[in-house]
Amino acid sequence: MLDFAQSIANIANKPITKDFGSFKSLLSFGYYWQAQDLEYLQDLGREIFILHPLFVDKHLCAEDLRYEIGTEFGVAWLLAYMLTPLLENTSSALKDVLKTLDIGYLASESNIAEEELEEISAHLHMQSFGIVLGSELAAHLNASEIAQILGTLGKCEAVHFIMPELTDSITPQIIESSVRSQLTACEELPESNGHYVYMRPFSAHAAAQQDLPQAAQLPLLQCPPLFAPALKLQDNKRVRLCFEGKQIEALCMRAPQLKGTIALLYLPQAQIKGYPYRQVEVKV
341 MLDFAQSIAN IANKPITKDF GSFKSLLSFG YYWQAQDLEY LQDLGREIFI LHPLFVDKHL
401 CAEDLRYEIG TEFGVAWLLA YMLTPLLENT SSALKDVLKT LDIGYLASES NIAEEELEEI
461 SAHLHMQSFG IVLGSELAAH LNASEIAQIL GTLGKCEAVH FIMPELTDSI TPQIIESSVR
521 SQLTACEELP ESNGHYVYMR PFSAHAAAQQ DLPQAAQLPL LQCPPLFAPA LKLQDNKRVR
581 LCFEGKQIEA LCMRAPQLKG TIALLYLPQA QIKGYPYRQV EVKV
């Protein structure tokens with residue numbers, strides 16, 4: 341995560357903070373929000389626009405756009421497509437690559453409609469705003485390309501970056517000058533068929549936020565109703581999750597309040613490495 345953040349800071353030539361600041365509008369990309377943080381910011385009158393594969397309660401944000409797992413590279417370019425007309429002094433290199441992209445394809449494969457992006461851009465127009473980034477972007481296969489796009493957008497005065505998962509703020513160390521040769525077009529996006537889990541570190545704080553038992557047995561699989569519905573998973577029953585050539589046993593906890601098809605898999609922090617989404621085979 342630090343290398344990812346440092347790259348963005350260097351390219352944009354501006355710091356990345358861990359605090360939400362005083363921005364009226366926040367555009368969130370790849371960051372998993374806790375409900376209490378959204379409630380706090382909403383009480384302060386902030387507008388929050390969230391892009392993430394998981395659902396967010398509609399009453400906690402101005403807009404919630406869900407993209408398909410693995411399509412962050414395409415989503416980064418869609419953000420550039422959305423923001424470039426609003427920003428002054430946008431990089432000519434960025435505009436040149438945008439001209440070569442099939443925006444319709446990126447929007448379709450990532451499951452984000454161009455009309456939805458236009459709604460967000462109408463709110464951000466002529467404002468200084470913060471872009472909230474999550475650490476999962478740093479674990480993506482195209483993390484360096486995503487950092488290049490975001491850093492180039494950050495050269496514009498109106499754009500500021502926030503990474504709440506940082507321990508300390510990041511300041512630029514080297515100003516990147518050769519951005520033109522490093523920007524890479526996104527020509528193809530992966531598909532995400534099957535059952536997916538989102539790995540989360542278990543803690544007392546997470547338990548309180550997600551209505552989990554404080555002394556939960558790990559691994560714990562919190563399942564929305566649409567996760568593997570054909571298997572009719574039951575509360576407090578163990579299931580086997582097979583992925584990447586290994587198998588783990590998890591305690592199933594049904595969560596009717598969760599929307600979507602992605603289950604939350606709670607593990608000890610030390611066991612979570614890399615991109616947090618995993619395609620799994622579920623055995624009962």
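Residue numbers (the numbering used here): 341 to 624. Glycine is no exception: its CB is placed at the ideal position from the N, C-alpha and C atoms.
Ends of the beta strand (DSSP E) at residue i?
i, result
"L561", "560-563"
"F688", "Here the chain covers residues 341 to 624 and nothing more, so residue 688 does not appear."
"V630", "An answer regarding residue 630 cannot be provided, because it is not within the stretch 341 to 624 covered by the chain."
"Y606", "603-607"
"F583", "578-583"
Any idea what DSSP makes of residue i, helix, strand or coil?
i, result
"E403", "strand"
"G639", "Since the first residue of the chain shown is 341 and the last is 624, residue 639 is not available in this structure."
"F501", "strand"
"S362", "coil"
"A590", "strand"
"T524", "coil"
"L426", "helix"
"S518", "With a pLDDT of only 49 at S518, under 50, the local geometry of the prediction cannot be trusted, and the value read off the model is given with reservation. DSSP places S518 in coil when its eight states are reduced to three."
"L367", "strand"
"P541", "strand"
"T440", "helix"
"Y372", "coil"
"I356", "strand"
Ends of the alpha helix (DSSP H) at residue i?
i, result
"L378", "375-383"
"L342", "342-352"
"L446", "443-450"
Are residue i and residue j close, meaning C-beta to C-beta below 8 Å?
i, j, result
"I443", "Y407", "no"
"R578", "A590", "yes"
"Y538", "L604", "yes"
"A375", "L400", "yes"
"I356", "Q488", "no"
"Q522", "K364", "no"
"I502", "K398", "no"
"L381", "I388", "yes"
"I452", "L405", "yes"
"N353", "K572", "no"
"A447", "E454", "yes"
"L473", "E412", "no"
"Y371", "A479", "no"
"A349", "L427", "no"
"I593", "L566", "Here residue 593 is Met; the residue named in the question, Ile, does not match the sequence. Going by C-beta atoms, M593 is not nearer than 8 Å to L566."
"F469", "L366", "yes"
"T511", "P564", "no"
"F369", "V415", "yes"
"Y536", "Q587", "no"
"E505", "S484", "no"
"E403", "I471", "no"
"Y606", "Q562", "yes"
"Q609", "P530", "no"
"S532", "I409", "yes"
Check the Cβ-Cβ distances between residue i and every residue of chain B, and say whether any is below 8 Å.
i, result
"A453", "As a matter of chain content, chain B is missing from the structure shown, which is built from one protein chain."
Quiz item: Residue ranges of each alpha helix (DSSP H) run of no fewer than 4 residues wholly in the region 456-494, ordered along the chain?
Solution: 483-493
Quiz item: With contact counted as at least three CB pairs below 8 Å, one residue from each stretch, are the region 411-420 and the region 431-447 in contact?
Solution: yes
Quiz item: Between the region 556-564 and the region 523-533, are three or more C-beta pairs nearer than 8 Å?
Solution: no
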